[in-house]
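Trainee:
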Amino acid sequence: MIELNGIRKAYRTGANVLQVLKGIDLRIGPGELVSIMGSSGSGKSTLLNIIGILDSYDSGEYLLDGMLMKGQTETENAMLRSRYIGYVFQSFNLIGFKNAVENVALPLYYQGVSRRKRHEQALAMLDRVGLKEWAHHLPNEMSGGQKQRVAIARALIADPKVVLADEPTGALDTRTSAEVMQLLTEVNRDLGKTVLIVTHERDVAAATQRVIYLRDGVIENAHLDPKSLTTAMDGVRVVNKPAGDVR
Amino acid sequence: MFDRERWAEVLESIGKNKLRALLTGFAVFWGIFMLIILLGAGAGLRNGFSYNFRNTATNSIRIMGNETSKPWQGLPPNRRIDLEEADIDALRHAIPGIQHISGQYRVWRGNSTLRYGMNTGSYGIRGIQPEHRHLQHQTILQGRFINEVDEAQDRKVIVIAEDCRQELFKGGDPLHEWVSVNGIPFEVVGLYAFEAGGMERGQRSPVYIPLSAAQKVFNAKGLVDDITFSFADASIAGAKQAEQRAVHTLARRHSFDPTDERALWVNNNVENVGTIGRIFDGITAFLWFVGIGSLIAGIVGVSNIMLIIVKERTREIGIRKALGATPANVVGQVLMEALVITGLAGWLGLVLGVFLMEGVASVVPGSEFFRDPTIRINVALWALFALMVAGALAGFIPARRAAAIRPIEALRHE
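These protein sequences, in sequence, are chains A and D. Letter 87 of the first sequence, counting from 1, is numbered 86 in numbering that gives the first Met the number 0, and no numbers are missing. Letter 108 of the second sequence, counting from 1, is numbered 107 in numbering that gives the first Met the number 0, and no numbers are missing.
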């Protein structure tokens with residue numbers, strides 16, 4: 000589903016060049032549930048952005064579902080994002096003046112689905128994440144866990160092949176984190192989506208099938224067993240800061 | 000354009016910032032409002048002046064005799080030039096493309112007494128030829144104007160206007176009645192519409208008799224006071240040429256220097272109308288310039304605000320892009336918001352401006368300087384067009400800015 004060969008990415012700020020990704024080789028098969036870990040500045044968010052076609056890369060090649068992602072126009076990118084990828088963000092990124100069902104229906108709007116159909120499908124999806132009664136509430140009337148479930152419903156509405164989650168539990172407490180992870184696991188198991196989660200938290204990573212560990216822009220371990228995580232992480236100091244991801 | 004979702008979002012965005020939208024819209028409203036008022040005032044001035052020309056054929060030249068100022072072939076200067084009946088025919092043959100020509104003889108150079116029964120009135124008696132009615136746009140209300148037969152047979156017939164009918168006939172039917180003009184009976188054959196306006200305001204109407212009869216009855220010795228003619232080529236060049244031909248013809252017949260500008264008094268209406276027309280074209284262009292200028296100030300305001308809105312909504316636009324919005328979607332949204340604000344405000348300005356000018360037009364009486372300050376529909380449509388261009392321009396830069404937002408902005412944690 001996702002194939003990365005020798006991906007390199009650098010950011011230029013004035014005279015400084017910051018090499019963020021220094022040659023990433025990675026394969027993620029369809030239906031996998033994978034987490035990406037690594038300390039701040041290890042490049043894991045940049046990697047997720049490249050996989051999500053939100054950012055470009057300097058060299059190497061990225062194949063999504065067998066297609067080379069290079070040199071598309073912004074309009075083509077919009078189409079690819081809409082067809083292939085659902086995003087879940089740390090800070091939910093719901094649109095504040097739209098209620099839950101409108102937020103969930105938004106990706107369908109950009110696919111040209113009629114208003115009535117959008118509404119029906121969005122309601123069904125909200126029902127699936129257990130928020131049907133909250134359909135007409137605005138985001139600021141909901142708890143963090145509810146908001147993230149709305150965001151997951153929105154990520155799923157257009158039936159993407161891949162769901163990308165960037166610190167999905169970063170702004171949630173332990174109990175709601177577990178709920179959200181439960182939901183993402185179900186998305187993977189019941190809907191067969193490829194799910195990729197960037198996280199700091201061992202609990203979150205432990206709920207996935209495979210952990211990819213990133214350090215200083217290279218993959219240190221692409222097949223870390225989540226069960227061994229506690230022991231494997233012993234030598235690694237994970238700085239858990241929920242915000243301020245350095246890219 | 001008729002996308003309900005987009006409308007909903009545009010209205011939502013405007014509704015959330017009513018005061019901002021109001022202030023922004025006001026600049027555009029004011030721009031269009033001023034444009035309409037300026038153009039209306041310009042139209043009022045133009046209408047006022049063209050009203051003065053309403054009764055005269057605009058492609059006509061009027062010539063009167065005057066006094067020479069240069070010696071010519073042994074003749075001394077300061078000779079009086081008197082036009083004659085024979086000059087009319089000479090001009091008729093000399094000027095190519097001539098349409099109508101008429102001499103005019105003003106009996107006793109002033110007012111004469113008209114009498115019907117016990118009623119009398121004082122009127123200017125004009126001896127004219129039948130074609131006069133084309134040169135002065137005379138409207139016949141009753142009966143007929145002086146015709147060819149009247150002229151050929153020196154008939155003692157007379158055409159009067161309404162004020163004369165009131166005075167002599169006390170509103171009764173004047174046709175085929177005989178009135179005495181300085182003691183000589185004339186038969187009333189027609190009633191024409193006399194509009195006092197411009198320089199003639201407050202004057203009494205002239206009454207018309209055939210030039211031939213005037214010559215005979217009032218002993219004019221073949222002289223005429225002025226000759227007016229119209230011609231086919233109404234261009235400035237055509238008018239100049241006709242004028243020159245006329246002057247040369249008369250110079251030969253009356254032996255004066257054709258370059259002597261004092262020998263004849265020539266009023267070339269094409270030149271008059273052309274000059275005034277150019278002045279008003281200039282004024283109108285200037286008014287457009289000023290109006291468009293104030294409109295541009297409004298546009299810059301809208302553009303500015305839209306830039307701020309785009310900046311404010313960077314994150315939201317990023318999210319939308321991550322969810323599959325194309326650059327065209329984003330551009331469309333911003334453009335439409337700008338168009339809705341400018342369109343609505345501008346339309347309001349247009350309507351209010353037109354209403355105000357219509358109001359002024361109905362309250363302020365028309366004069367020879369200002370009359371009917373309403374703009375024509377095509378001008379209003381042009382203003383609307385300018386408005387739509389304004390809206391599109393106002394939205395253009397912010398929309399491009401919005402389209403350039405990278406969706407990665409949305410992912411950046413705050």
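C-beta: ideal position from N, C-alpha, C; glycine also.
1) Closer than 8 Å by beta-carbon distance: list the chain A residues that pair up with L10(D), in chain order.
2) Listing by chain order, which chain A residues have their CB less than 7 Å from the CB of A324(D)?
3) Using the DSSP secondary-structure output, state which residues sit across from G247(D) in a beta bridge.
4) So K21(A) and G216(A) are supposed to be a Cβ contact under 8 Å. How far apart are they, rounded?
5) Mind pulling the chain A residues with CB within less than 9 Å of I318(D)?
6) If we cut at 9 Å on Cβ distances, does G51(A) have a partner in chain D?
7) Using a Cβ distance threshold of 8 Å, determine whether the segment 24-44 of chain A contacts the segment 192-199 of chain A, with at least three qualifying pairs required.
8) Compare the C-beta of K15(D) against all C-beta atoms of chain A and say whether one is closer than 9 Å.
9) So is K220(D) buried or exposed if we call it buried at 16+ other beta carbons inside 10 Å?
10) Compare the C-beta of S81(A) against all C-beta atoms of chain D and say whether one is closer than 9 Å.
11) I want to verify the contact list: residues of chain A whose CB lies under 7 Å from the CB of N328(D), in sequence order.
12) Roughly how many angstroms separate the alpha carbons of A360(D) and D371(D), rounded to a whole number?
13) Give a yes or no on whether the minimum CB-CB distance between A206(A) and chain D is below 9 Å.
14) Could you give the residue range of the beta strand (DSSP E) that holds I94(A)?
15) When you compare each of A403(D), R400(D), L349(D) and I139(D) to V377(D) by their alpha carbons, which one comes out closest?
16) Should R115(A) go down as buried or exposed, given a rule of 16 or more other Cβ atoms within 10 Å for buried?
17) Could you check whether the Cβ of D172(A) sits closer than 9 Å to any Cβ belonging to chain D?
18) Here's the rule I'm using: 16 or more other beta-carbon atoms within 10 Å means buried, otherwise exposed. How should N15(A) be labelled?
19) By the three-class DSSP mapping on this structure, what secondary structure does G65(A) have?
20) Interface residues of chain D around D54(A) at Cβ under 7 Å?
21) Assuming Y109(A) and P159(A) are in contact, meaning their beta carbons sit under 8 Å apart, how far apart are those beta carbons, in whole angstroms?
22) Run down chain A in chain order and give the residues with a C-beta less than 7 Å from the C-beta of A401(D).
23) Got a sec: which bits of the segment 28-50 of chain A sit with their beta carbon under 9 Å from any beta carbon on chain D, in order along the chain?
24) What number of angstroms, rounded off, separates the C-alpha of V265(D) from the C-alpha of I60(D)?
25) Against chain A, with Cβ distances strictly below 9 Å, would E4(D) count as a contact?
26) So L20(A) is in the beta strand (DSSP E); what residue range does that whole segment cover?
27) Quick check on the DSSP output: the beta strand (DSSP E) that includes Y212(A) runs from which residue to which?
28) If you reduce the DSSP assignment to three classes, tell me which class R201(A) lands in.
Mentor: To lay it out plainly:
1) Taking the beta carbon of L10(D) as reference, no residue of chain A falls within 8 Å; the closest one sits roughly 11 Å away.
2) A77 and Y109
3) The sequence given here has His at residue 247(D), not Gly. Looking at the DSSP assignment, H247(D) forms no beta bridge with any residue, so it has no partner.
4) The Cβ separation is near 4 Å, so the contact holds.
5) Y86, F88, N92, L93, I94 and L105
6) yes
7) The segment 24-44 of chain A, when compared against the segment 192-199 of chain A, does touch it at the 8 Å Cβ threshold.
8) yes
9) Burial call: exposed.
10) yes
11) Y109
12) 5 Å
13) no
14) No beta strand (DSSP E) holds I94(A); DSSP gives it neither H nor E.
15) In the sequence on display, residue 377(D) carries Asn and not Val. The option with the nearest alpha carbon to N377(D) is L349(D).
16) By the Cβ-count criterion, R115(A) is exposed, with fewer than 16 other Cβ atoms from all chains shown falling within 10 Å of its own Cβ.
17) Closer than 9 Å: no.
18) A residue is called buried when at least 16 other Cβ atoms come within 10 angstroms of its Cβ; N15(A) does not meet this threshold and is exposed.
19) Looking at G65(A) - three-state DSSP - the assignment turns out to be coil, as it is neither helix nor strand.
20) I407
21) Not a contact, Cβ separation roughly 13 Å.
22) In chain order: nothing, as chain A lies at least about 12 Å away.
23) S44, L47 and N48
24) 7 Å
25) Chain A contact via Cβ: present.
26) N15 to I27
27) R209 to R214
28) helix
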